[in-house]
Amino acid sequence: MTGHRVGASGSYASIWSYDNAGNQLQKETHTWTYGGDNLVRRLTRSSGFYYENWYDTNGQRVAKSSTTTDWHFLYGQSGELLSETKNGPHVKSYIWLEGELVALVYANELYFVHNDHLGRPHKVTDDAKVVVWEADLQSFDRSVVSSSIGTLNIGFPGQIRPLVISTTVLELRL
7 MTGHRVGASG SYASIWSYDN AGNQLQKETH TWTYGGDNLV RRLTRSSGFY YENWYDTNGQ
67 RVAKSSTTTD WHFLYGQSGE LLSETKNGPH VKSYIWLEGE LVALVYANEL YFVHNDHLGR
127 PHKVTDDAKV VVWEADLQSF DRSVVSSSIG TLNIGFPGQI RPLVISTTVL ELRL
């Protein structure tokens, strides 16, 4: 499939392109490259900034490298994200109960995750019940309202939000 324009003009016009498998190849200044398994191997911006991904045999992203940063991800037996590191040091650990994120450890502090009825993180509080992260949740997206603990890349159950652009990755469910 080639470029596709959806009824927009002026500054709102945008060209997206897809391959025959339905993978997005281009959106504005972003270009995606896929492996034979249809997983994103590389994301390149027109500025030259890029990200490369590495996956395990289950199709879960275990490493991500950019022009400035390297991340590593560790998963549990059920496919849940357990921890992430950035440029070597440990960044966050995630605690799950029956498939739902209930807590996280950041900077050696325990924080409690409060989810909506769909299992999406809505608020995170510290041990004094002070809100340290909060999102305004919409049907298919969210806007982070406040955060003093950095990013929280967990969305719907089984969903990880990439650190770079406003697209969301549904991790493979085992």
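Every number in the numbering used here is 6 more than the matching position in the sequence shown, counting from 1. Where is the CB? At the ideal position from N, CA and C, for every residue including glycine. Just so it is clear, the structure is predicted and the values come from calculations on it, not from any experiment.
Whole-angstrom C-beta distance between residue j and residue i, which should lie under 8 Å
i: G82; j: L88; result: 5 Å
Between the CA atoms of residue j and residue i - distance to the nearest angstrom
i: S23; j: L143; result: 28 Å
i: V4; j: I21; result: Because residue 4 is not part of the residues shown, which for the chain are 7 to 180, the question remains open.
i: N26; j: V150; result: 34 Å
i: I160; j: E58; result: 20 Å
i: Q165; j: K98; result: 17 Å
i: F79; j: W102; result: 15 Å
i: W77; j: Q32; result: 24 Å
i: H36; j: D147; result: 20 Å
i: Y100; j: H120; result: 13 Å
i: S154; j: W139; result: 6 Å
Nearest residue (CA-CA) to residue i, options the options
i: Q66; options: N44, V136, F55; result: N44
i: Y61; options: I155, S71, L158, V97; result: S71
i: T157; options: S53, T50, T91; result: T91
i: S84; options: F162, Q32, N64; result: N64
i: G4; options: T131, A134, F162, D132; result: A query on residue 4 cannot be resolved here, the shown segment of the chain reaching from 7 to 180 and no further.
Limits of the beta strand (DSSP E) - the one that residue i falls within
i: R126; result: Run containing R126: none; DSSP gives neither H nor E here.
i: L116; result: 115-121
i: T91; result: 87-92
i: K135; result: No beta strand (DSSP E) holds K135; DSSP gives it neither H nor E.
i: E106; result: 106-112
i: T37; result: 36-40
i: S99; result: 96-103
Any chain D beta carbon closer than 8 Å to residue i
i: I21; result: This model lacks chain D altogether, as it is built from one protein chain only.
To test your reading of the DSSP string, which unbroken alpha helix (DSSP H) runs of 4 or more residues are found completely within the stretch 54-84?
For the alpha helix (DSSP H) assignment, the stretch 54-84 encloses no uninterrupted run of at least 4 residues.
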